[in-house]
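Colleague: Protein chains in written order, with the working numbering: chain A, 1 to 433; chain B, 1 to 433.
2 protein chains.
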Amino acid sequence: MRQKKFMLSEDQIPKQWYNIQADMPVKPQPMLNPQTREAVTQEDLESLFCAECAAQELNQTDRWIEIPEQVRQMYANYRCTPLVRAYGLEEALGTPAHIYFKNESVSPIGSHKLNSALAQAYYCKQEGVTNVTTETGAGQWGAALSYAAKIFGLEAAVYQVKISYEQKPYRKSIMQVFGALVTPSPSMSTRAGKDILTKMPNHQGSLGTAISEAVELARVTPGCKYTLGSVMNHVTLHQTVIGLEAEKQMEMTGEYPDVIIGCFGGGSNFGGITFPFMRHNFSGERNTRFVAAEPASCPKLTQGRFEYDFGDEAGYTPLLPMFTLGHDFQPSNIHAGGLRYHGAGTIVSQLLKDGYMEAVDIEQKESFEAGCLFARAEGIIPAPESCHAIAAAIREAKQCAQNNEARTILFCLSGHGLIDMAAYDQFLAGNIR
Amino acid sequence: MRQKKFMLSEDQIPKQWYNIQADMPVKPQPMLNPQTREAVTQEDLESLFCAECAAQELNQTDRWIEIPEQVRQMYANYRCTPLVRAYGLEEALGTPAHIYFKNESVSPIGSHKLNSALAQAYYCKQEGVTNVTTETGAGQWGAALSYAAKIFGLEAAVYQVKISYEQKPYRKSIMQVFGALVTPSPSMSTRAGKDILTKMPNHQGSLGTAISEAVELARVTPGCKYTLGSVMNHVTLHQTVIGLEAEKQMEMTGEYPDVIIGCFGGGSNFGGITFPFMRHNFSGERNTRFVAAEPASCPKLTQGRFEYDFGDEAGYTPLLPMFTLGHDFQPSNIHAGGLRYHGAGTIVSQLLKDGYMEAVDIEQKESFEAGCLFARAEGIIPAPESCHAIAAAIREAKQCAQNNEARTILFCLSGHGLIDMAAYDQFLAGNIR
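1. Using a C-beta cutoff of 8 Å, does A/Ser-187 count as contacting chain B?
2. A/Gly-281 versus chain B: which residues are under 8 Å apart at the beta carbon?
3. Runs of 3 residues minimum, wholly inside the segment 54 to 109 of chain B: which ones carry the beta strand (DSSP E) assignment?
4. How would you call A/Asn-77, buried or exposed, if buried means at least 16 neighbouring beta carbons within 10 angstroms?
5. Would you mind reading off the limits of the beta strand (DSSP E) that contains B/Phe-290?
6. Can you list the residues of chain B that A/Ile-419 reaches, using a CB-CB cut of under 7 Å?
7. Under a Cβ-count criterion, where at least 16 other Cβ atoms within 10 Å of its own Cβ denotes burial, should B/Asn-115 be classed as buried or exposed?
8. DSSP three-state label for A/Cys-224, please.
9. Jot down the residue ranges of each uninterrupted alpha helix (DSSP H) in the segment 146 to 210 of chain A, minimum 4 residues, whole runs only, in chain order.
10. Under 8 Å Cβ-Cβ, which residues of chain B neighbour A/Ser-173?
11. In its own chain, which residues sit with a C-beta less than 7 Å from the C-beta of B/Lys-113, not counting the 5 before and 5 after it?
12. Measure from the alpha carbon of B/Gly-94 to the alpha carbon of each residue in B/Asn-431, B/Ala-401 and B/Ala-423, then state which is nearest.
13. Under a three-way DSSP split, which group does A/Cys-298 fall into?
14. Looking only at DSSP bridge pairs, what is B/Gly-262 linked to?
15. Give the interface partners of B/Ile-380 over in chain A, defined as CB-CB distance under 8 Å, in chain order.
16. Is it the case that the Cβ atoms of A/Thr-183 and A/Ser-189 are separated by a distance below 8 Å?
17. Once the 5 residues before and after B/Gly-179 are set aside, which same chain residues still bring their CB inside 6 Å of it?
18. Using a beta-carbon distance cut-off of less than 7 Å, what residues from the segment 160 to 184 of chain B approach chain A?
19. Whose C-beta lies closer than 6 Å to the C-beta of A/Gly-338 among residues of the same chain, with five residues either side of it excluded?
20. Kindly list, in the order they appear in chain B, the residues whose Cβ is closer than 7 Å to that of A/Tyr-147.
21. Let me make sure I understand the geometry here. Which of A/Tyr-123, A/Tyr-308, A/Val-235 and A/Glu-91 has the alpha-carbon closest to that of A/Thr-33?
22. Within its chain, find whatever has a CB closer than 8 Å to the CB of A/Lys-15; leave out the 5 residues flanking it on each side and keep chain order.
23. Along the chain, where does the alpha helix (DSSP H) that runs through A/Phe-374 open and close?
24. Taking Cβ-Cβ distances shorter than 9 Å, what residues in chain B pair up with A/Gln-436?
25. Measuring only the C-alpha atoms, how far is A/Asn-103 from B/Ala-119?
26. Quick check: B/Leu-413 and B/Ser-107, are their CB atoms within less than 8 Å of each other?
27. Specify the secondary structure class of B/Asp-328 as computed by DSSP and reduced to three states.
28. Going along chain A, which residues have a C-beta under 8 Å from B/Asn-131?
29. Taking a cut of 7 Å between CB atoms, which residues from the segment 299 to 316 of chain B lie near chain A?
30. With a threshold of 8 Å between beta-carbons, can B/Ile-151 be considered close to chain A, or not?
31. Tell me the DSSP bridge mates of B/Tyr-308?
32. On a Cα-Cα basis, can you pick out the residue from A/Phe-277, A/Glu-127 and A/Phe-427 that is closest to A/Lys-225?
33. Along the chain, where does the beta strand (DSSP E) that runs through A/Tyr-18 open and close?
34. For the segment 50 to 61 of chain B and the segment 234 to 241 of chain B, state whether three or more C-beta atom pairs, one from each stretch, are separated by less than 8 Å.
35. Under a Cβ-count criterion, where at least 16 other Cβ atoms within 10 Å of its own Cβ denotes burial, should A/Asp-258 be classed as buried or exposed?
36. Shortest alpha-carbon distance to B/Met-24 belongs to which of B/Arg-376, B/Val-158, B/Val-348 and B/Asn-403?
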């Protein structure tokens, strides 16, 4: 199980994020105010988000956005993350493909989510915000935000999807160690939660519902802003640090990826790894394939419709032009809680519509088979979300074996699964079919 | 929460382990065969351990032992581990002390245990062994051995202390993902287990009991060797990679530690971080203090007696000259399962007897207070075992604050606590007093 790890020195950690909006051949359509049906303005967004994030959200001109020095310092605590040649996995698959993964699981929180949490918490603090709210599924984002809030001296309130709160109690505990207030959603603490529970007392929660609650709390709490772990443009912007590092690290390998894969919930990890590479496709210089791996039980990219829809269940957010299953879609209780979201980011939706990327859907059983194979071959137990990217990578690698084709595959290992072992238990016991 | 991380390049990862036995002013007394009361020979040890580990165990002459190339390659997957200046913790304590920690939690298994698991599994494979057995407390060692066995193509059977098996189900699942057979101990699968359960049907297990079971299984299984996660000289030898790296990394800081601290179960993490530095005390070149932090509920170093005792509950092991609470001592069910052991390694015991090191005992509540403070200041949730080292470091740092003394403190963060969150839950709920 020899691996080969490619690392950057601290001064090679990117100093700017890549804003793909500046380069997109067709820009995303505007978000709309649901009352007026007019394009949402920065001012509108500032009622919810901190000003800098609101500005980044709508910025379609600046290709490079500077990473603040204090955020870069915090990045340096765990970045660069390793780019790893997965010899063990290649051998296990008997494939001529060269498989690389970008290992975001080494962050102290165990996933890529910290890349944006640090940025959002930093900007909030700079702007005099005292409290932040958010929602979380599996808890990866909630843990990251709790951590970042603690570091920058903010109070954090997190609504965690009820089924994940119960399935993954350790992530709740992590958030609490970092001082966050964690509430299972839907809850009786908000109007949105009460309305849902009145209609459906046994509602298991969803990201859409939790977003409604977190947004409402931010709206009614002075000094409080809402933060988000995926979907929005500025979140994906912060995650481009992944792809920018990976680009430099791939140069060190002497290879260039033929296909790049990320699991897909709202799009931030997928966009993070792919967007910096995609700009070379826009320019015609490269012809890389980009594959989003989504769960078969929540297939917005492969089976959803491109239309204006709310980002949350209660309809508090602007209308987003995106692939969606409908904002009242109730995803089944798969273990990859971070992928249980009805919609997709507007940038990614536009790119998919315009043929710059592909999507595949993965059954839960296939995802855990892939995760176990990867763990045994590479020694890292992946998060259930990341298992979807691995499964898609394995499909590609098997195809290479069939065609005897030595393609170069890169995927993002978005997080480790050490806190998701109950899910692996279920799989090993044969309870995931 | 600015940190400063000191890293070595891959070619600076040590090529040799440091064998402190070669330099000890007074060598450890021999282990004895309990029947004959004669010194245990390498041949005796080989009935249980692979030949190379047996040889290393008794080697009192070679100062440097080469790390096999394949083990070094596996080390390179996660080493060097960061040496971190803990500015956040210093600030939180208002201390003039400079606090550094060696972060072994970044290994894919989450603790330092992999350093020896890889070596032991490698040697077993080289010698034609097909199966390995071991015991584990909290599961850190068992997870590491399961991982290493999978990598080198061995079958692993792990006896996990029953109370930890129940308190920390995720570590059992991790071992199972890596293909190990995990049995809660005491079990009915061995004579030793049956005897204990017959006398005490509700026995919660202890490392001493689990060792008896693993040793017995190794003895009755053809092609099977026993492996151990701490206590023995060869295990601590493999862990010296920690201190050897730390020595080079401390050079990069321009400082030299005044005091070095490790938590203490059997001694491998403590010896791993301290022994390479201790050689400079032997030579008179330095006068560093070395502090072992043990749990108040299992205080072999601070309250045990130095005498010959068995390493396990049933009396299967040789007699070891060590500080012990008696091999039938029943430690209370603290969360730091890795520290629930009645004895101490023979090298460390001799060093303590001869005044080359100190020991302190830490109450469980103090350990978790320290762990939470550290998590909030440095962003890493420490394993309950590591919390003991942190607590001892905090005591030192507070003393520095009182005396306005800028001492340099180094401690080993032996592992992260992401799989021990149930323990933090108990602490946050006020149930640990």
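All C-beta atoms in this analysis are idealised placements derived from N, C-alpha and C, irrespective of residue type, glycine included.
Modeller: With the given structure in hand:
1. Output row for A/Ser-187: interface = no.
2. Per the sequence presented here, residue 281 of chain A reads as Asn, with Gly not at that position. Going along chain B, no residue has its Cβ under 8 Å from A/Asn-281, so there is no contact; the nearest lies around 32 Å.
3. 64 to 66, 83 to 85 and 98 to 103
4. buried
5. Residue range 289 to 295 is occupied by the beta strand (DSSP E) that includes B/Phe-290.
6. Leu-418
7. buried
8. strand
9. 162 to 167, 169 to 177 and 191 to 199
10. From the beta-carbon of A/Ser-173, the residues of chain B found nearer than 8 Å are Met-421, Ala-422, Tyr-424, Asp-425 and Leu-428.
11. Once the five neighbours on either side are set aside, the close Cβ partners of B/Lys-113 are Gln-140, Trp-141, Ala-144 and Gly-229.
12. B/Ala-401
13. coil
14. B/Ala-292
15. Pro-108
16. Yes, these two residues count as a Cβ contact at 8 Å.
17. Apart from the 5 residues on each side of it in sequence, B/Gly-179 sits with its Cβ closer than 6 Å to the Cβ of Lys-150 in its chain, given in chain order.
18. Flagged, chain order: Tyr-170, Ser-173, Ile-174, Gln-176, Val-177, Phe-178 and Gly-179.
19. Gly-137, Ala-138, Gln-140, Gly-265 and Glu-385
20. Gly-379
21. Just to set this straight, residue 33 of chain A is Asn in the shown sequence, not Thr. The residue with the shortest Cα to Cα distance from A/Asn-33 is A/Tyr-308.
22. Glu-66, Ile-67 and Arg-72
23. Its alpha helix (DSSP H) spans residues 364 to 378.
24. The structure shown does not extend to residue 436 of chain A, since chain A is modelled only from 1 to 433, so the question has no answer here.
25. 25 Å
26. no
27. coil
28. Those do not exist, as B/Asn-131 stays about 17 Å from chain A at its closest Cβ, beyond 8 Å.
29. From the segment 299 to 316 of chain B, no residue has a Cβ closer than 7 Å to chain A.
30. So, interface residue.
31. B/Pro-321
32. Nearest of A/Phe-277, A/Glu-127 and A/Phe-427 to A/Lys-225, Cα basis: A/Glu-127.
33. 16 to 18
34. yes
35. buried
36. B/Val-348
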